[in-house]
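Novice: Here you go, one structure.
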Amino acid sequence: MNTHTLAGDQIQDRRFSGGDTLDEPVLETLMRDVRAVGRRVKQVLYPKVNANIDAESGQIIRDWDLWGPLVFCLFLSLALSISAPAQQASRVFSGVFAFVWIAEALVTLNIKLLGGSISFFHSVCILGYALFPLVPGAIFSLIVKSMIIRFPIVVALIAWSLFASMRTLKGAGVREGRVVLAMYPVWLFYGWLGWLCVIT
339 MNTHTLAGDQ
349 IQDRRFSGGD
359 TLDEPVLETL
369 MRDVRAVGRR
379 VKQVLYPKVN
389 ANIDAESGQI
399 IRDWDLWGPL
409 VFCLFLSLAL
419 SISAPAQQAS
429 RVFSGVFAFV
439 WIAEALVTLN
449 IKLLGGSISF
459 FHSVCILGYA
469 LFPLVPGAIF
479 SLIVKSMIIR
489 FPIVVALIAW
499 SLFASMRTLK
509 GAGVREGRVV
519 LAMYPVWLFY
529 GWLGWLCVIT
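Numbering (our numbering), first residue to last: 339 to 538.
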């Protein structure tokens with residue numbers, strides 16, 4: 339890292355310390371991304387046992403990405419569209435896909451308006467990774483047609499998503515008296531998606 343002065347201001351040049359990935363095989367690049375997604379899924383779904391917490395922000399996930407949320411959103415939309423009537427499949431897919439991203443953006447905006455210090459994409463990343471338990475819930479609903487069996491399973495998966503998102507968002511910086519206001523839209527978000535898994 340070099341430091342030099344320009345017009346009285348100190349400027350620091352940070353050199354890239356990682357390796358050269360231009361000549362890296364595509365499969366190796368993909369596998370590295372898959373492993374990174376797997377690590378973040380584990381960090382979100384098992385936050386209580388994960389000790390890798392950033393002391394400054396309180397966040398379990400330090401670096402955000404949108405690969406995992408995108409994949410989980412696609413799988414959830416696909417599973418729900420397959421279980422929907424054939425003439426409505428495309429509408430269900432596009433509707434669920436759009437709802438997930440719009441809802442995540444609105445929930446994040448709500449957190450920011452309530453004084454949260456978490457970055458926009460960091461929050462979207464956490465909400466997207468916490469969506470993972472509902473993906474097997476949607477697949478389970480494809481296989482099991484009985485709503486009586488579906489309901490308790492999906493409710494348990496909704497609770498898992500809620501626990502994971504709330505536990506991981508604990509370092510969002512929302513004031514103590516406003517936590518319920520920040521988390522209420524999160525409950526609606528996962529609850530509505532879970533209800534779709536039950537009824538479709």
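From the three backbone atoms N, C-alpha and C, an ideal C-beta is built for every residue, glycine too.
1. Going by the CB atoms, is the gap between Gly453 and Arg505 shorter than 9 Å?
2. Are the beta-carbon atoms belonging to Glu442 and Leu412 less than 9 Å from one another?
3. If contact is defined by three or more beta carbon pairs under 8 Å, each pair taking one atom from either stretch, is the region 491-505 in contact with the region 425-444?
4. May I have the straight-line CA-CA distance separating Phe431 from Trp525, to the nearest angstrom?
5. Suppose you measure from the CA of Gly433 to the CA of Val482; what does that come to, to the nearest Å?
6. Closer than 8 Å: is that where the CB of Leu452 sits relative to any heavy atom of the ligand FMN?
7. Taking the runs of the alpha helix (DSSP H) that are 4 residues or longer, which of them lie wholly in the region 396-452?
8. Does the distance from the C-beta atom of Ala476 to that of Ala417 stay below 9 Å?
9. Whose C-alpha, out of Ala468, Phe478, Gly529 and Glu366, is nearest the C-alpha of Leu408?
10. With a threshold of 16 other CB atoms inside 10 Å of the CB of Trp530, please say whether the residue is buried or exposed.
11. With burial defined as no fewer than 16 other Cβ atoms inside 10 Å of the residue's Cβ, what is the status of Ser461: buried or exposed?
12. Determine the extent of the alpha helix (DSSP H) in which Gly376 is found, giving its start and end residues.
13. I think Ile449 touches Ala520, with their Cβ atoms under 8 Å apart; what is that distance to the nearest whole Å?
14. Could you give the DSSP three-state label for His342: helix, strand or coil?
15. Run through DSSP, which three-state label would Pro471 get?
16. Starting from the C-beta of Val438, find all residues in its chain whose C-beta is less than 6 Å away, skip the five residues before and the five after it, and write them out in chain order.
Specialist: Quick answer:
1. no
2. no
3. Counting Cβ pairs under 8 Å, fewer than three are found: no touch.
4. 22 Å
5. Our two residues, Gly433 and Val482, have alpha carbons roughly 23 Å apart in a direct line.
6. What this structure holds is no ligand at all, so the ligand FMN is not there to describe.
7. DSSP runs (the alpha helix (DSSP H)) wholly in the region 396-452: 405-421 and 427-451.
8. yes
9. Ala468
10. Trp530 comes out exposed.
11. buried
12. Val364 to Leu383
13. 5 Å
14. Reliability fails at His342, whose pLDDT of 45 lies under 50, so the model's placement of it is uncertain and the value that follows must be treated cautiously. Residue state, collapsed to three classes: strand.
15. coil
16. Cys411, listed in sequence order.
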